[in-house]
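Quick note, the working numbering runs 422 ahead of the 1-based positions in the sequence shown.
Okay, so here's the structure we're looking at.
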Amino acid sequence: MRVIVCGVRGSTPAPGQEFVRYGGNTSCVALATGAGFPTLILDAGTGLQRLGAQLEGRSFNGTILLSHLHWDHTHGLPFFSAGDRQDAQVTVLMPAQGDPVNVLARAMSPPHFPIKPTDMRGHWRFLGIQPGERTVEGFAVLAREIPHKGGLTYGYRISDSRHSIAYLSDHSPIALGPGPQGFGAYHPAALELTRGVDLLIHDAQYTAEEFPQKASFGHSAIDYAIGLAGAARAKRLLLFHHDPPRTDEQIDAIVAALPKGPIPVEAAAEGSVIELG
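Structural data, given as structure tokens:
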């Protein structure tokens, strides 16, 4: 399995020289098998625009799997040039909550935006999914609802025949109480999704010092992501959904200060490609 990181920010893009190395685009991760082109995309933030280079000018034929419908996870849809082509074949899956096209159109239609989801060129399908297991683009996908403020949110476990990743881009574990360290309880669904995965991609928007003032915002502390990875015995942790004002130097300092442990921890950076196996 090949994991291509296309966007790493939470809430809003972060343009500027201070954000070049880790990147300023919002959430988007693409998956491919072997040497093939990506066919499964996790979230459609502004990082989705970066995927064109990976497709080498080809139209996208595959599935976009949305964790939830906040702006920073959907704003890339109408700007996805590889999907907005006559020969593109795109399926968009999202947590079921009414008619998918109508729900997306609340933010993507006039007067808020010039076109509707159904105005994209090519063949697009929009489907709501329930929690549970399914096969998507040859991957086994397990969806579970996880706490996140402001709308139905899923975390995902994605597996091929050999490797697995867990994707919990936005997670508010404090909703179940303070947990063992005060950063939130280890949610049963989060533990199910992450247990033994080769790679955990997890919301890490706030530091421990910031968290008390921002716990109600709906995101995780870095310490929670590390604790969950340890409790689930994940093999590797990728800190994701960086706070928009967090500069490259600040992220460097955070990673450098992390205590050494049995699980490798790194900060997600746009353009990075992780080969599992």
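The beta-carbon is built from N, C-alpha and C at its ideal position, and this holds for glycine as well.
Since the structure is predicted, the reported quantities are computational estimates derived from the model, not experimental observations.
Query: Beta-carbon proximity check, D592 vs H570, cutoff 8 Å; Result: yes
Query: P522 - containing alpha helix (DSSP H), residue span; Result: 522-527
Query: Whole-Å CB distance - L453 paired with I580, under 8 Å assumed; Result: 6 Å
Query: Other residues of its chain near D506: CB distance less than 6 Å, five sequence neighbours each side excluded; Result: M542, R543
Query: Residues of its chain near A565, where Cβ-Cβ distance is below 7 Å and the 5 sequence neighbours each way are ignored; Result: I551, P553, G554, Y576, Y578
Query: Limits of the unbroken alpha helix (DSSP H) element including G445; Result: Here G445 belongs to no alpha helix (DSSP H), and DSSP marks it neither H nor E.
Query: Cβ separation of R480 and F459, assumed to be a contact under 8 Å, to the nearest whole Å; Result: 7 Å
Query: Whole-angstrom C-beta distance between H585 and S449, which should lie under 8 Å; Result: Not really, about 21 Å apart at Cβ, beyond 8 Å.
Query: Beta-carbon spacing of L574, P533 below 8 Å; Result: no
Query: Residues that H624 bridges to, as DSSP identifies them; Result: L590, L661
Query: Cβ pair A647, A630 closer than 8 Å; Result: no
Query: E559 versus T461 - alpha carbon distance; Result: 6 Å
Query: With 16 other Cβ atoms within 10 Å as the buried cut-off, status of W493; Result: exposed
Query: Candidates P600, I463, L477: closest to S489 by CA position; Result: I463
Query: Rounded straight-line distance, which links the Cα of L621 to that of R658; Result: 5 Å
Query: Beta-carbon proximity check, E692 vs V430, cutoff 8 Å; Result: yes
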